[in-house]
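Line by line, the protein sequences are chains Y and F. Sequential numbering from 0 applies to the first sequence in numbering that gives the first Met the number 0. Sequential numbering from 0 applies to the second sequence in numbering that gives the first Met the number 0. For every residue, glycine included, the Cβ atom is placed at its ideal position computed from N, Cα and C. Each remark here refers to the structure printed beneath this line.
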Amino acid sequence: MGSGGFVCDFKVMDFAMRLHINGICHSYDQVEALRDIEFGIEPGEIVALIGPSGCGKSTLLSIIGGLLKPTSGKVLMCDQATPDGCLNPLTYVFQDFALLPWRTVAGNISLVLEDHPLGKAEREARIAEVLAQTNLADFAGAYPKQLSGGMKQRVGIARALAVRPAVLLMDEPLSALDAQTRILLLDEFAALFVRTGMTAVYVTHNLNEAVRLAHRVVALRRRPGTIKAIHSIDIPIDQRVEGMPELVAHQNALWDLIRDEAIAADKELDHVA
Amino acid sequence: MSRDIEAGASRVRFRATGFNPRANPLAAWGSFVVVIALWQLGSSTGFISELAMPSPVAVASALWKLIISGDLWRHLSASLQRLFGGWIIGTVAGLAVGFLVGMFSWARSPGVAMVSALFPIPKIALLPLFIIWFGIGEPSKFATIAFGVFFPTVINTFGGVDNVARNLIRMGQSFDMPMMSIVRKIILPGALPTILSGFRISSSIAIILLIAAEMIGAQYGIGAFILAAGNLYQTDQLIAGVVVLSLLGLCVSWLLGRLDRWLLAWR
Ligand SMILES: Nc1ncnc2c1ncn2[C@@H]1O[C@H](COP(=O)(O)OP(=O)(O)O)[C@@H](O)[C@H]1O
Ligand SMILES: [Mg+2]
Numbered sequence: 000m001g002s003g004g005f006v007c008d009f010k011v012m013d014f015a016m017r018l019h020i021n022g023i024c025h026s027y028d029q030v031e032a033l034r035d036i037e038f039g040i041e042p043g044e045i046v047a048l049i050g051p052s053g054c055g056k057s058t059l060l061s062i063i064g065g066l067l068k069p070t071s072g073k074v075l076m077c078d079q080a081t082p083d084g085c086l087n088p089l090t091y092v093f094q095d096f097a098l099l100p101w102r103t104v105a106g107n108i109s110l111v112l113e114d115h116p117l118g119k120a121e122r123e124a125r126i127a128e129v130l131a132q133t134n135l136a137d138f139a140g141a142y143p144k145q146l147s148g149g150m151k152q153r154v155g156i157a158r159a160l161a162v163r164p165a166v167l168l169m170d171e172p173l174s175a176l177d178a179q180t181r182i183l184l185l186d187e188f189a190a191l192f193v194r195t196g197m198t199a200v201y202v203t204h205n206l207n208e209a210v211r212l213a214h215r216v217v218a219l220r221r222r223p224g225t226i227k228a229i230h231s232i233d234i235p236i237d238q239r240v241e242g243m244p245e246l247v248a249h250q251n252a253l254w255d256l257i258r259d260e261a262i263a264a265d266k267e268l269d270h271v272a
Numbered sequence: 000m001s002r003d004i005e006a007g008a009s010r011v012r013f014r015a016t017g018f019n020p021r022a023n024p025l026a027a028w029g030s031f032v033v034v035i036a037l038w039q040l041g042s043s044t045g046f047i048s049e050l051a052m053p054s055p056v057a058v059a060s061a062l063w064k065l066i067i068s069g070d071l072w073r074h075l076s077a078s079l080q081r082l083f084g085g086w087i088i089g090t091v092a093g094l095a096v097g098f099l100v101g102m103f104s105w106a107r108s109p110g111v112a113m114v115s116a117l118f119p120i121p122k123i124a125l126l127p128l129f130i131i132w133f134g135i136g137e138p139s140k141f142a143t144i145a146f147g148v149f150f151p152t153v154i155n156t157f158g159g160v161d162n163v164a165r166n167l168i169r170m171g172q173s174f175d176m177p178m179m180s181i182v183r184k185i186i187l188p189g190a191l192p193t194i195l196s197g198f199r200i201s202s203s204i205a206i207i208l209l210i211a212a213e214m215i216g217a218q219y220g221i222g223a224f225i226l227a228a229g230n231l232y233q234t235d236q237l238i239a240g241v242v243v244l245s246l247l248g249l250c251v252s253w254l255l256g257r258l259d260r261w262l263l264a265w266r
């Protein structure tokens with residue numbers, strides 16, 4: 000498939016995609032994790048990746064963000080419309096938060112700004128801004144061990160926002176949290192996406208999260224991971240409400256889609272989370 | 000009513016006793032007082048022979064004489080110079096090699112192989128070789144101590160680097176942090192707890208090697224002093240020297256404790 004020209008064609012066709020996942024295959028030593036993954040992510044779109052444990056969601060997200068080299072295929076990034084002051088176009092939010100325990104909340108955010116040519120004043124302004132956006136202003140001097148899981152993930156979000164990313168890559172950001180905190184943060188994520196018009200790839204195994212946040216849901220099947228279906232949800236995110244019948248219908252449709260895979264994954268002997 | 004329930008019922012026994020020792024500073028100091036008092040009692044009553052084991056009072060007076068004559072400082076300063084010099088050389092070299100082995104594939108296998116081969120050698124066995132290389136003076140003692148400190152430091156450092164959570168390093172990479180920043184801001188602080196606990200091991204190894212090296216060939220130094228006192232059957236001076244060593248060890252571990260608390264305050 001034509002590589003560089005591919006992106007430009009889309010541009011010419013005024014069908015510009017920010018990211019194009021282009022024939023990605025990946026194998027770990029013996030295991031074929033992904034085969035022929037192909038889809039595009041448009042600016043401002045939230046794409047959820049769902050599928051049972053071990054189907055290659057994390058692998059795909061690592062490849063998209065350039066943390067893992069695919070066996071073949073490539074991810075193309077169309078360099079239009081990066082936000083003002085963007086320091087790191089593809090930015091992760093991690094399931095386990097990945098905060099440095101020896102730095103305070105503000106220090107953890109500062110960490111990702113320090114290597115960029117920002118003045119001290121601008122750096123502090125950015126830190127203050129993202130702390131305010133994530134309701135963490137009172138916790139700037141706290142250490143991660145003093146924070147609840149939900150607060151830690153808010154720091155993870157604040158750190159990601161501080162570099163003004165073009166695309167947020169989120170790997171099960173709510174999976175390490177308790178159920179109540181998940182509900183709270185899910186609402187905050189929805190509000191954030193609506194407010195910023197952010198592009199995001201959101202990995203989850205929770206269908207409720209997927210239907211609340213995503214414009215499109217990419218369902219993977221396993222061994223090897225291939226795309227089973229791409230499911231669009233055309234309700235604007237700010238109009239989605241927990242438990243509304245349309246969402247429940249979408250959720251059930253998704254469940255029918257991946258149910259067999261989930262059952263197979265459950266019966267798997269050598270289980271890898 | 001409650002009577003009826005209690006009749007024929009047996010109370011649940013509390014089972015989670017023990018396995019929870021608590022600290023008691025009073026008992027800690029008290030144990031010293033008791034041991035020294037018993038020792039003095041044994042010496043005063045003649046139960047403990049003065050030649051084999053001088054009384055605490057005799058040891059204290061020997062120590063006092065050493066202090067006022069200035070001999071103590073002459074020996075102690077010679078020892079401290081060797082101890083710190085050797086320890087610093089070995090530690091700096093060990094940290095450098097440890098980081099290389101911990102971070103780079105090209106250094107990993109050769110480094111681990113060399114360290115595994117050389118670590119088991121009792122370093123004091125190499126002193127004669129160092130004396131041939133560097134002469135009987137200070138350099139051979141520095142070399143012995145540095146060599147002894149080097150290997151445990153390498154092992155601890157690369158163990159510490161290995162134990163830095165991979166996800167934190169990936170996080171740094173995902174934010175495009177430059178290599179040096181990742182080393183300085185993520186790997187170094189992450190490895191620091193292990194490195195500092197390695198300092199306790201390497202400092203006690205350094206003291207052992209210091210005394211051994213001084214006993215083999217030195218004019219001044221606590222080791223030389225203890226050996227000379229033993230040769231002259233001056234057991235009071237000998238024990239005084241040992242007490243100084245014990246205090247030295249306590250000082251070192253106190254300093255390392257302060258360093259821990261200062262550098263690892265976030266824990
Ligand atoms: N570092 C690795 N080495 C070998 N196999 C791996 C590694 N990481 C993941 N895998 C395998 O690749 C498959 C996909 O894993 P992963 O992307 O973590 O799935 P998911 O995130 O959907 O649960 C799994 O079968 C897993 O066993
Ligand atoms: Mg995963």
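Residue-level contact by beta carbon fails for I131(F) and chain Y, as no gap is shorter than 9 Å. The way I'd put it, the region 200 to 214 of chain Y does touch the region 164 to 176 of chain Y; three or more beta-carbon pairs between them come closer than 8 Å. For D35(Y), the CB contacts under 7 Å within the same chain, skipping 5 residues up- and downstream, are G22, C24 and T225 in chain order. For G84(F), the uninterrupted alpha helix (DSSP H) run begins and ends at D70 to M102, by DSSP. Here I45(Y) is not near K56(Y), since their CB atoms are 9 Å or more apart. Taking a Cβ-Cβ threshold of 9 Å, the residues of chain F close to Y91(Y) are R169, M170, S173 and F174, in chain order. No Cβ-Cβ contact shorter than 9 Å links T195(Y) with E41(Y).
Short of 7 Å from the beta carbon of L160(Y), and not among the five residues preceding or following it, lie these beta carbons of its own chain, in chain order: V129 and Q132. The beta carbons of G93(F) and A205(F) sit no closer together than 9 Å. Put simply, of N87(Y), Q29(Y), A213(Y) and Y142(Y) the residue whose alpha carbon is nearest the alpha carbon of H249(Y) is A213(Y). No heavy atom of ligand 1 is found nearer than 8 Å to the CB of K227(Y). Spatial neighbours of L206(Y) in its own chain (CB-CB distance under 7 Å, excluding positions within 5 residues in sequence) are listed in chain order as I49, Q250, L253 and W254. Against chain Y, the beta carbon of S104(F) has no neighbour under 7 Å; the closest one sits roughly 16 Å away. By the C-beta criterion, the region 202 to 218 of chain F is judged to be in contact with the region 76 to 87 of chain F, since at least 3 inter-stretch pairs fall below 8 Å. Checking the 8 Å criterion, the Cβ of S52(Y) is within range of a heavy atom belonging to ligand 1.
Ranked by Cα distance from S173(F), the first of A190(Y), V104(Y), I63(Y) and C77(Y) is I63(Y). Burial check for Q152(Y): the Cβ neighbour count within 10 Å reaches 16 or more, so the residue is buried. In this model, S48(F) and A61(F) are separated by some 17 Å (Cα to Cα). Annotation: I185(F) is outside any beta strand (DSSP E) and is labelled neither H nor E by DSSP. DSSP lists L48(Y) and D170(Y) as the beta-bridge partner residues of V202(Y). For E31(Y), the uninterrupted beta strand (DSSP E) run begins and ends at E31 to I40, by DSSP. Not one beta carbon of chain Y lies nearer than 9 Å to the beta carbon of S196(F). For A105(Y) and R125(Y), the gap between their C-alpha atoms comes out near 10 Å. Note that the C-beta distance between G148(Y) and A189(Y) is not below 9 Å. Considered as a whole, the region 125 to 204 of chain Y harbours 148 to 161 and 178 to 195 as its complete alpha helix (DSSP H) runs of no fewer than 4 residues, in chain order. Secondary structure note for R258(Y): it is in no beta strand (DSSP E), and the uninterrupted alpha helix (DSSP H) holding it is P244 to K266. The beta carbon of A211(F) does not come within 9 Å of any beta carbon belonging to chain Y, so the residue lies off that interface.
DSSP places R220(Y) in no alpha helix (DSSP H) but in the uninterrupted beta strand (DSSP E) bounded by R215 to R220. The beta carbon of S201(F) sits no closer than 8 Å to any heavy atom of ligand 1. In this structure, P138(F) sits away from F146(F), with a CB-CB distance that is not shorter than 9 Å. DSSP places N21(Y) outside any alpha helix (DSSP H); the residue lies instead in the beta strand (DSSP E), whose first and last residues are L18 to S26. For H230(Y), DSSP records a beta bridge to V216(Y).
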